[in-house]
Every structure is written in structure tokens, then in C-alpha cells.
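Trainee:
Number of protein chains: 2
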Amino acid sequence: MSLLVVGSIALDSVETPHGIVTDALGGSATFFSYAASYFTPVRLVGVVGEDFPSAHREMLEGRRIDTSGLKIETHGKTFRWRGRYTGDMNMAETLEVHLNVFGAFDPEVPPAFRETPFVFLANGSPVVQRKVLEQVKNPTLIVADTMNLWIETQRDELLALLREVDGLVLNDGEARMLTEEINLVRAGWKVLELGPRFVIIKKGEHGALFLSRSETFVMPAFPLGEVVDPTGAGDSFAGGFMGYLASTGKPDPANLKTAMAYGTILASFNVEDFSLRRFQRTDRAEINHRLEQYREMMSL
Amino acid sequence: MSLLVVGSIALDSVETPHGIVTDALGGSATFFSYAASYFTPVRLVGVVGEDFPSAHREMLEGRRIDTSGLKIETHGKTFRWRGRYTGDMNMAETLEVHLNVFGAFDPEVPPAFRETPFVFLANGSPVVQRKVLEQVKNPTLIVADTMNLWIETQRDELLALLREVDGLVLNDGEARMLTEEINLVRAGWKVLELGPRFVIIKKGEHGALFLSRSETFVMPAFPLGEVVDPTGAGDSFAGGFMGYLASTGKPDPANLKTAMAYGTILASFNVEDFSLRRFQRTDRAEINHRLEQYREMMSL
Chain A
316 MSLLVVGSIA LDSVETPHGI VTDALGGSAT FFSYAASYFT PVRLVGVVGE DFPSAHREML
376 EGRRIDTSGL KIETHGKTFR WRGRYTGDMN MAETLEVHLN VFGAFDPEVP PAFRETPFVF
436 LANGSPVVQR KVLEQVKNPT LIVADTMNLW IETQRDELLA LLREVDGLVL NDGEARMLTE
496 EINLVRAGWK VLELGPRFVI IKKGEHGALF LSRSETFVMP AFPLGEVVDP TGAGDSFAGG
556 FMGYLASTGK PDPANLKTAM AYGTILASFN VEDFSLRRFQ RTDRAEINHR LEQYREMMSL
Chain B
316 MSLLVVGSIA LDSVETPHGI VTDALGGSAT FFSYAASYFT PVRLVGVVGE DFPSAHREML
376 EGRRIDTSGL KIETHGKTFR WRGRYTGDMN MAETLEVHLN VFGAFDPEVP PAFRETPFVF
436 LANGSPVVQR KVLEQVKNPT LIVADTMNLW IETQRDELLA LLREVDGLVL NDGEARMLTE
496 EINLVRAGWK VLELGPRFVI IKKGEHGALF LSRSETFVMP AFPLGEVVDP TGAGDSFAGG
556 FMGYLASTGK PDPANLKTAM AYGTILASFN VEDFSLRRFQ RTDRAEINHR LEQYREMMSL
């Protein structure tokens, strides 16, 4: 089944101990779409400026990513982020953010996308995320991402959103901030009281935790000897998770668990190079091979 | 097969958000022995002072823990540690340490213990750990633990020890300090170059990583809604790991992987209450039940 994602498309300038890239293709919806495209056709809704290289759009179209929902604002510039990772690279230091055209993003879901069964609301204002929900019809599954900024500045709007989604994806620090609970399992349980029927807490290099009322899944990160650039790892995780799930058509417990593992594997590929570079030189066979290695590392 | 452990026996005073205990039974060899005793007979070598309650010794004897190697120094006091955990309880704040009789610990392995096939050198000076190795005969497997203090102050002695052991257990910070490598997988590979044929890197609430030249195992921690006291979690992990392994008699890859899982489960019980309290109200059936739950949480 197809998968709709609404979120940011950015040009990232990133510095890590392994190098520097300037104006490389990034953004939550970009990483998500590429990761999901190994599993299912993706429908992308976002906005870029007149400076957005058409080659990027063609590259995405070359995957099964329908970019007819990608709006080009002719009098504006694309969202830009500049950041740096040092030490254990667990946290990005943001050096510059220019929201540009993404600052006034008012998502318009094309009519042809409105009955997409699987919907992912990538990180963005909960007000904007709810605007998407007003435009989609009878989705099978809606999952949202969020971040500390919205928890702090639009808490009520976020709580309203949470009553309308099936799943929430957020990182450990955000889960603690949202629920005021230090223990991550309890934080997850508190999220479930807010509306979603499942929550995924991403722990960066420590993996991810899935909680629903009846299921608990724990997935360590795939161990890597070299992490080049963590930018987009969380979005790649979500893309692998939702892409696989959409490909099955059925978000039951067994598929949700396998989806968590695919999310883990996609995140592991993402961090092995800057931007989308590592994705661009992998394929489903290599992804499945790594999943098999991963299974071997923890099968009991 | 039986299992020898040499290490500290302490009286711990611990404060966590869940309460306070004073002079509770602790120490690396204590947690290790109790955890291992669910799987195999344990032979304990350590030292305590004249103030050590005989009830503690009787309690250990009531498990399959042979305390004939426990020396009582009549003119000294038992090792005491006082510490506090706050916030996410990931790190202990040491408030007081009195090594007392453990400061001059010169381990003497009783003749009846010298041919024990499985040997664990709990955290202690590498000089003292090597003295144990001089006294044991033809062990099947020797595993050592260590800590930042020895990496900093007795590096050469530690490197000499590493050439004589089969496995090393240490935490993530210690692995980085020993190898000067931030990435944990690479840190693990560097440890293997120092002698051991496997290394286990413990990551606290994030689980553990096992590396040998041919195998990589990753184990997330068992997710818990309540962590009461993390003291002894690493030693309980090691006890579950070595105890299970000794019970199989054969440290092959399949048994090493299952042993990692048992280590994870024993650590999860340990942190659910102060001192040995949670261990004292569990049994092998409950341990196996939790292992089964754990398997379910990540089986693919």
C-alpha cells in the first residue's frame, strides 16, 4: 500500500569528525521518503524554494517517490540547517537555521494523495500536522513525529494532535519532556494515555523501544564501527518502519515488530555516510542481508 | 561445572529516589555469586572484617555458594561504600569509600578451589587479579572485570592481565578510556588486540555488546518501569553470564549468546530492589519466564 509523508525538505550543511558537506539534500521528509521507498511507493508533500536543484527532485522521482505534492515557492529559499557533531556524535549542535519557505508551510495534500492508507506526519508544528489530517480520508494508520520545540511552545496543540493519531515517534529526551517521567517505559505508558495506541521511543545509538497496551518490543541499534553523519537517522528509522508496514498493509503486532527492525537497519545505513549517499549505494538485497545479520546478533 | 569468583564483599549504604539502605550486603563478588548461583555451584574468595554479620555468610551458604574461601580479618572492618543515585540513575555518586580490609586483600585460593574450570576476576587491582591466576590450574575460561581507576593508575599491569584472560567485561566509559576510541565497536575491536578473545561492553540501561573475532551480539536491557537501585547491576550481569556458561560447560558461540541474555535478565532483577532483595524473592522459573518475555520482545 502507498504511504504519504508530509514534512521538511532541506539543504543541510553538516560537519562531523569525518568531513563536511554543504547544502546537501536533507530534511525529515527526504530521509523518510528515501528509506521508505525500498518497501513501498511514497507520496511526498513539502515545500522548497526557487533555489532547490531540480536534480534532487529528479533523483527522488527516480525512486518510487511521487513529488507532485512538492510545492516550489518561487519567491523564497529552501529551508537550510547547519550543524556540527563532535565527540560521540550523540547530539547535533545547531549552528544556523533558516526556515525560509518552510516557516510558512501550509501543506496542501493533492486530491490524488488524499486516500493514502498510511500517513506519516514528519516533525513539524502540530498545527500544521493537524491540517494534513483534515485533508486525508479514512487512513489505515497515522503516525506522527514531534520535537522538544513543539512540546515547549505548542503543548496544547500537540496534545490535540495526539488524540487523533495511531502512533507517535519521538526520542528519549522528548518523551521525558512530554511526560515529565524519567523512566522511559513509564514515559511511554504515559504517552499511551494521551491517545496513541503505540509509541516508539528512539534512543539514538542505543536503539529504540516500542510500547502499546499489549506489546513491548526492544531493538538495539545495529552496531557499527564507523558513524559518519547521524543527520536523518531518526527519520530514516521512521521511513524504514512505515515503509515496511505499508508494504504489508496490516499494522498487526508481528508486522510492527519486523517494522521496528527494518527501521533500525535503515537508520544504520543512513549514518554510514553524509546526506543520502549511503542509501544511494544500497538496495533491498543488502538491507535484507543486514537484517539477517541483525537477527543473528540477538536471536535466542 | 563450578565457578570461582574472586572480588569484593561490601556493606553498602545507598540512597536512590526510591529509598535508603544502610550497611546492606553488597560488593562485586556478592552480586556476582548470587546471580550465578541460580545456574551453578559458586566458589567465593574474598575478605571481610570482624564486623561482617554471620547471617550474611549463612545466607550465601544457603545458596550453592561455597564461602570456605571467605577470609575474616579479625582486626579490621568490612569494605564500606556509600553512594547516591539521582535523576535517571545512570551513574552513582560516591559519597564515601572505606576499603578497610579489602585495601590489603591478598587472595588465597583454597586448594579445593584451584581446579575450578570457570574463573571470574571481579573488579579489583590487576595485580591482585593476576595473583589469582597464579593459583588456578588449567581453567577452561577466565574472564575479568576492571574499572577506570585501574586503567588510569595500573595500565601496564592491566595490559599484562589482558594477555592472560579469555574475556574482559567493562562498561562503555571504561572501554573508551582503555582504548582511546569513542566508537564502542572499534573500542571493542581494540580490546581484542590486547589479548582477550572476547569482550563484553556493558552500557547500563542500554544493554550490552559482545564482540569476538567472529561474533557480534547485541542485547538491549530488559525494559523496566521501575528501577529502584542500580548498584550491582554490572556484577549481576556478569554472574548471570558466567553462571549460565559454567552450567553448560562449553563457552561456544551459541552458549555465549544465551549467556549474554541471562546476564541481561539477572541485571534486570537486581535493579528492581536494594541489595540482594529482589534476588531473594526470585527463582530459576521466574528468571526463565522473563527470558522468554525478553525473547518475544526482539525475536524476528
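Line by line, the protein sequences give chains A and B.
In terms of my numbering, the first sequence opens at residue 316 and continues consecutively.
In terms of my numbering, the second sequence opens at residue 316 and continues consecutively.
Each residue gets a CB set at the ideal place from its N, CA and C atoms; glycine is no exception.
Remember, predicted model here, so these are calculated numbers, not experimental data.
#1: Once you ignore the five residues that flank Ala-548(B) on each side, which residues in its own chain have a CB closer than 6 Å to its CB?
#2: Taking Phe-532(A) and Ile-580(A) to be in contact with their CB atoms under 8 Å, please state how far apart those CB atoms are, rounded to whole angstroms.
#3: Would you call the region 364 to 375 of chain A and the region 384 to 395 of chain A in contact, with 3 or more CB pairs under 8 Å?
#4: Under three-state DSSP, which class holds Met-316(B)?
#5: Nearest CA to the CA of Gly-564(B): which residue from Ser-369(B), Thr-431(B) and Leu-410(B)?
#6: Can you tell me whether Leu-476(B) is helix, strand or coil according to DSSP?
#7: What did DSSP end up calling Glu-330(B) once you bin it into helix, strand or coil?
#8: Which stretch, first to last residue, makes up the alpha helix (DSSP H) that contains Lys-606(A)?
#9: For Phe-525(B), collect the residues of the same chain with a Cβ closer than 6 Å to its Cβ; drop the 5 residues on either side in sequence, then sort them by chain order.
#10: Is there a Cβ of chain B sitting closer than 9 Å to that of Gly-555(A), yes or no?
#11: Rank Ala-475(B), Ala-351(B) and Phe-346(B) by C-alpha distance to the C-alpha of Phe-619(B) and give the top, closest one.
#12: Does any CB atom of chain A fall closer than 9 Å to the CB of Pro-425(B)?
#13: Could you tell me whether the Cβ of Ile-335(A) comes closer than 9 Å to any Cβ of chain B?
#14: With 9 Å as the threshold, decide whether the Cβ of Val-506(A) is near any Cβ in chain B.
#15: Find the nearest neighbour of Arg-512(A) within the set Asp-481(A), Leu-375(A) and Val-542(A), judged by alpha-carbon distance.
#16: What are the partner residues of Asn-486(B), as DSSP defines its beta bridges?
#17: So, at 7 Å on beta carbons, what are the nonlocal neighbours of Leu-473(B) in its own chain, with the 5 sequence-adjacent residues on each side left out?
#18: In the DSSP output, which residue or residues are listed as bridge partners for Ile-380(B)?
#19: Nearest chain A C-beta to Met-462(B) closer than 9 Å, yes or no?
#20: Are Asn-486(B) and Gly-540(A) touching if we call contact CB-CB under 9 Å?
#21: Roughly how many angstroms lie between the CA atoms of Lys-386(A) and Asp-338(A), to the nearest whole one?
#22: Where do the ends of the beta strand (DSSP E) carrying Ile-457(A) lie?
#23: Could you tell me whether the Cβ of Pro-538(A) comes closer than 9 Å to any Cβ of chain B?
#24: Does Glu-541(B) have its Cβ less than 9 Å from a Cβ in chain A?
#25: Among Arg-592(B), Leu-477(B), Met-612(B) and Glu-611(B), which has the Cα closest to the Cα of Pro-336(B)?
#26: Going by Cα to Cα distance, which pick from Val-320(B), Phe-433(B), Val-416(B) and Val-542(B) is closest to Leu-326(B)?
#27: Using a Cβ-Cβ cut-off of 9 Å, state whether Asn-570(A) counts as contacting chain B.
#28: Arg-501(B) touches chain A at which residues, Cβ-Cβ below 9 Å?
#29: Quick one: what's got a C-beta closer than 6 Å to Lys-518(B)'s C-beta in the same chain, skipping five residues either side?
#30: Between Tyr-577(A), Leu-560(A), Ser-590(A) and Phe-589(A), which has its C-alpha nearest His-604(A)'s C-alpha?
#31: Does the beta carbon of Asp-403(B) sit closer than 9 Å to a beta carbon anywhere in chain A?
#32: If you follow the beta strand (DSSP E) that Gly-398(A) is in, where does it begin and where does it stop?
#33: Under a CB-based cut-off of 9 Å, is Pro-545(B) close to chain A?
#34: Along the chain, where does the alpha helix (DSSP H) containing Met-575(A) start, and where does it finish?
#35: Use the C-beta contact count for Gln-444(A): other C-beta atoms within 10 angstroms, 16 or more gives buried, fewer gives exposed.
#36: If you draw a straight line from the alpha carbon of Asp-567(B) to that of Tyr-559(B), how long is it in whole angstroms?
Mentor: In terms of the structure at hand:
#1: Here the set comprises Ala-582, Asn-585 and Val-586.
#2: Their Cβ separation, rounded to whole angstroms, is 14 Å, which puts Phe-532(A) and Ile-580(A) out of contact at 8 Å.
#3: When Cβ pairs closer than 8 Å are counted between the two stretches, the region 364 to 375 of chain A is seen to touch the region 384 to 395 of chain A, the count reaching three or more.
#4: It is coil, neither helix nor strand.
#5: Of the candidates Ser-369(B), Thr-431(B) and Leu-410(B), Thr-431(B) places its Cα closest to the Cα of Gly-564(B).
#6: Helix at Leu-476(B).
#7: Strand at Glu-330(B).
#8: First, the amino acid is wrong: residue 606(A) is Leu here, not Lys. Element bounds for Leu-606(A): 599 to 613.
#9: Cβ within range, chain order: Ile-515, Phe-532 and Met-575.
#10: So no, Gly-555(A) is outside the interface.
#11: The requested residue 619(B) is not part of the displayed model; chain B covers only 316 to 615.
#12: The beta carbon of Pro-425(B) sits no closer than 9 Å to any beta carbon of chain A.
#13: At a cut-off of 9 Å, the C-beta of Ile-335(A) has no neighbouring C-beta in chain B.
#14: Chain B contact via Cβ: absent.
#15: Ranked by how close their Cα comes to the Cα of Arg-512(A), the residues Asp-481(A), Leu-375(A) and Val-542(A) have Asp-481(A) in first place.
#16: DSSP output for Asn-486(B) lists Lys-517(B) as bridge partner(s).
#17: Cβ within range, chain order: Pro-441, Thr-461, Trp-465 and Ile-466.
#18: DSSP output for Ile-380(B) lists Val-357(B) as bridge partner(s).
#19: With 9 Å as the cut-off, Met-462(B) does not count as an interface residue toward chain A.
#20: Result no, Cβ atoms of Asn-486(B) and Gly-540(A) do not sit closer than 9 Å.
#21: Annotation: Lys-386(A) to Asp-338(A) spans about 19 Å, alpha carbon to alpha carbon.
#22: In this chain, the beta strand (DSSP E) harbouring Ile-457(A) covers 456 to 460.
#23: Under the Cβ distance rule, Pro-538(A) counts among the residues neighbouring chain B, one pair being separated by less than 9 Å.
#24: It does: the Cβ of Glu-541(B) has a partner Cβ on chain A nearer than 9 Å.
#25: The question names Pro, yet the displayed sequence has Val at residue 336(B). Comparing Cα positions, the closest option is Arg-592(B).
#26: It is Val-416(B) whose Cα lies nearest to the Cα of Leu-326(B).
#27: The beta carbon of Asn-570(A) sits no closer than 9 Å to any beta carbon of chain B.
#28: Gly-540 and Glu-541, listed in chain order.
#29: Taking C-beta separations shorter than 6 Å and ignoring five residues to either side along the sequence, the partners of Lys-518(B) in its chain run Asp-487, following chain order.
#30: His-604(A) has its Cα closest to that of Tyr-577(A), out of Tyr-577(A), Leu-560(A), Ser-590(A) and Phe-589(A).
#31: At least one chain A Cβ lies under 9 Å of Asp-403(B).
#32: From DSSP, the beta strand (DSSP E) with Gly-398(A) extends over 394 to 399.
#33: By this cut-off, Pro-545(B) is not an interface position.
#34: Annotation for Met-575(A): the continuous alpha helix (DSSP H) segment containing it runs 568 to 585.
#35: Gln-444(A) sits buried, since 16 or more C-beta atoms from the chains shown fall within 10 Å of its C-beta.
#36: Straight across, the Cα-Cα distance linking Asp-567(B) with Tyr-559(B) is about 12 Å.
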